[in-house]
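Only one structure is covered here, and it is reproduced in the block below.
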Amino acid sequence: MKSASLPHIIIDKDATRHLEQGFPWVYQSAIAWNSQLEQLQPGTVVQVKSKQGKALGMGMLNARSIIALRMLHTGSGLVTIDEAFFKYRFEQALRKREALIKIPYYRLIHSEGDQLPGLIIDRFGDYTVCQTTTAGMELLKPFWVPALKTLLNPKGIIFRDDGASRKKEGLKLEVTVQGEQPPTPTEVHERNTIYLANLIHGQKTGWFYDQRENRGYAAQFANNQHVLDLYTHTGGFGLPAAQQGALSVTLVDASAEALKLASQAAMLNHVDSLCSYEEGNIFELLPAWINEGRHYGLIIADPPAFIKDKQYIASGLRGYQKLAFLCAQLLEPQGTLFIASCSHHAELNAFRRAVEAGIREAGRDYKLLRTSFADKDHVIHPQLQQNSYLKALCYRL
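Numbering-wise, the numbering used here puts 709 at position 338 of the sequence shown, and it's gapless, one number per residue.
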């Protein structure tokens with residue numbers, strides 16, 4: 372894709388200032404539209420200029436999206452967007468990950484954090500799982516897929532293009548595989564724990580690397596404690612807790628399939644004798660357990676996003692408050708509560724206020740031990756709050 376032949380767009384002064392400050396997006400309202408631009412194939416790479424004609428870089432244009440332009444390259448110079456371009460970006464990302472994580476199980480590409488908007492790539496040993504969430508990255512697949520194959524030579528590439536966000540870009544939902552089908556389930560290695568994941572049908576890419584460091588942190592409070600792992604998925608927090616000396620671990624999830632994988636992984640890690648499993652709705656189970664008089668020394672709550680859109684912020688925060696209220700009633704004196712939110716609409720301070728309101732409502736005193744975020748392979752774009760979605764709070768009650 373030669374830079375000289377690219378169409379160009381003109382953006383207003385506010386968007387120009389934001390781009391020059393490093394912001395990676397331009398909204399529909401900031402672009403001087405014409406019939407030619409509106410008819411471009413969604414995701415077409417364009418040159419970006421200010422009203423004064425200053426070259427600002429190159430981005431992917433989609434007239435159908437509110438976020439109409441996502442930047443691939445910034446600055447006055449132009450580059451060719453081809454396989455070599457992606458290979459260079461992938462090599463940069465790979466060097467960063469290999470310096471931090473010594474085994475090939477990590478997030479390789481984290482969208483804008485790695486200057487590749489709309490592209491997520493998770494590595495699972497000999498297999499990679501890719502998600503494209505923008506029309507531009509979908510259109511550029513003929514360049515980035517060969518670059519990925521050249522760099523990693525994976526046995527199989529799974530394209531998990533089934534996320535609902537693709538609808539906003541006018542993209543169809545599908546799951547496809549190039550090369551070998553991954554094992555079902557696939558082993559995921561993390562520190563001293565072996566997990567099991569379904570890379571074809573599991574949530575998101577099949578696994579959540581973002582909580583890697585937090586899982587290790589929470590597990591240190593498990594020794595000689597009865598542990599409750601809420602929204603466990605396939606054993607994320609519960610299995611390392613069992614390995615760190617827990618007296619028992621109760622793993623809870625609404626998905627029977629996820630709990631089946633958690634049980635199989637517990638056997639792989641030789642902690643199955645410590646683990647029990649409960650399937651159901653957390654907000655129905657916890658009140659019943661409070662009435663039964665159950666208590667735990669460590670409770671971990673890692674729920675799915677309670678706030679998937681701005682209109683649900685208030686109700687979502689009430690959900691976090693209620694969850695903290697219930698957990699606080701189940702926690703022993705001097706027990707530890709670890710609670711997380713993956714809703715990027717839940718701003719950290721608002722999330723903290725909601726959680727602490729729930730703890731106080733339960734009549735408990737508390738001390739905040741730590742605030743944490745996604746692990747280091749989830750590189751955060753400094754100007755993009757949406758890229759920093761995960762926040763976690765750890766309390767001693």
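Ideal Cβ placement from N, Cα and C applies to all residues, glycine included. Treat the numbers as computed from the prediction; the structure is a model and nothing was measured.
Would a C-beta distance cut-off of 8 Å place residue i and residue j closer than the cut-off?
i	j	result
Pro408	Lys747	In the sequence as displayed, the identity of residue 408 is Leu instead of Pro. Cβ atoms of Leu408 and Lys747: not closer than 8 Å.
Leu645	Ala613	yes
Gly414	Met429	no
Arg583	Pro611	no
Arg741	Cys765	yes
Glu650	Ala633	no
Arg531	Val548	no
Pro556	Glu483	no
Asp383	Lys425	no
Leu666	Leu701	Looking at the sequence itself, residue 666 is His, so the reference to Leu does not match. Cβ atoms of His666 and Leu701: closer than 8 Å.
Ile529	Ile571	yes
Ile678	Ala625	no
Ile671	Leu739	no
Ile730	Ala699	yes
Gln418	Leu510	no
Pro674	Leu697	no
Quick one, which of the options has its alpha-carbon nearest residue i's?
i	options	result
Ala479	Phe461, Glu732 and Gln486	First, the amino acid is wrong: residue 479 is Leu here, not Ala. Among Phe461, Glu732 and Gln486, the Cα nearest to that of Leu479 belongs to Phe461.
Glu551	Lys520, Gly668 and Asp533	Lys520
Trp404	His572, Leu390, Lys420 and His560	Lys420
Ala722	Ile684, His749 and Asp736	According to the sequence as given, residue 722 is Phe; it is not Ala. It is Ile684.
Leu688	Ala725, Thr503 and Ser647	Ala725
Leu542	Thr557, Thr505 and Ile670	Thr505
Phe709	Ala434, Lys762, Lys538 and Gln412	Lys762
Ala749	Gly651, Phe530 and Ile492	Before going on, a small fix: residue 749 reads as His here, not Ala. Comparing Cα positions, the closest option is Ile492.
Val416	Gln754, Leu449, Ala401 and Ile678	Leu449
Pro475	Ala518, Asp600, Leu411 and Val559	Val559
His604	Phe579, Leu377 and Ala590	Phe579
Asp453	Ile571, Gly507 and Thr547	Gly507
Gln574	Ala636, Glu540 and Val500	Val500
Ala439	Gln399, Leu657 and Ser743	Gln399
His715	Leu656, Ile751 and Gln705	Ile751
Pro553	Ile380, Lys526, Tyr691 and Asn595	Lys526
Asp680	Leu599, Ala636, Asn652 and Tyr760	Tyr760
Where do the ends of the alpha helix (DSSP H) carrying residue i lie?
i	result
Arg460	Glu454 to Leu471
Val417	Segment Thr415 to Ser421 is the beta strand (DSSP E) holding Val417; no alpha helix (DSSP H) there.
Trp396	That residue, Trp396, is in no alpha helix (DSSP H); its beta strand (DSSP E) goes Trp396 to Tyr398.
Glu391	Lys384 to Glu391
Lys631	Ala627 to Leu639
Leu408	Ser406 to Glu409
Ala568	First-last for Ala568: Thr564 to Ala568, but that is the beta strand (DSSP E), not the alpha helix (DSSP H).
Tyr602	From DSSP, Tyr602 is part of no alpha helix (DSSP H); its letter is neither H nor E.
Would you mind reading off the limits of the beta strand (DSSP E) that contains residue i?
i	result
Val750	From DSSP, Val750 is part of no beta strand (DSSP E); its letter is neither H nor E.
Cys765	Lys762 to Arg767
Phe709	Leu702 to Ser712
Ser647	Cys646 to Glu650
Ile730	No beta strand (DSSP E) holds Ile730; the alpha helix (DSSP H) holding it covers Leu719 to Glu732.
Arg494	Leu490 to Phe495
Val516	Here Val516 belongs to no beta strand (DSSP E); instead the alpha helix (DSSP H) covers Lys512 to Leu523.
Gln549	Glu545 to Gly550
Leu739	Lys738 to Phe744
Ile529	Gly527 to Asp532
Glu561	Thr557 to Glu561
Tyr580	Looking at the DSSP string, Tyr580 is not in any beta strand (DSSP E), and its letter there is neither H nor E.
Using a 10 Å radius around the Cβ and a threshold of 16 neighbouring Cβ atoms, would you call residue i buried or exposed?
i	result
Trp515	buried
Ala568	buried
Phe457	buried
Arg466	exposed
Ser436	buried
Ala776	Residue 776 is absent from the structure shown; the chain starts at 372 and stops at 768.
Phe654	exposed
Arg735	buried
Ala659	exposed
Asn720	exposed
Arg388	exposed
Gln410	exposed
Gly616	exposed
Glu663	exposed
Thr390	One detail in the question is off: residue 390 reads as Leu in this sequence, not Thr. With 16 or more other Cβ atoms within 10 Å, it is buried.
Asn329	As displayed, the chain neither begins before 372 nor continues past 768, which places residue 329 out of reach and without an answer.
Tyr498	buried
Gly668	buried
Asn758	buried
Gln502	buried
Ile378	For the record, residue 378 in the displayed sequence is Pro; it is not Ile. Flag for Pro378 reads exposed.
Asp581	buried
Glu540	buried
Ala401	buried
Asp485	buried
To the nearest whole angstrom, what separates the beta carbons of residue i and residue j, a pair I think is in contact under 8 Å?
i	j	result
Gly609	Leu622	4 Å
Arg562	Gly489	The Cβ separation is near 30 Å, so there is no contact.
Gln754	Gln392	7 Å
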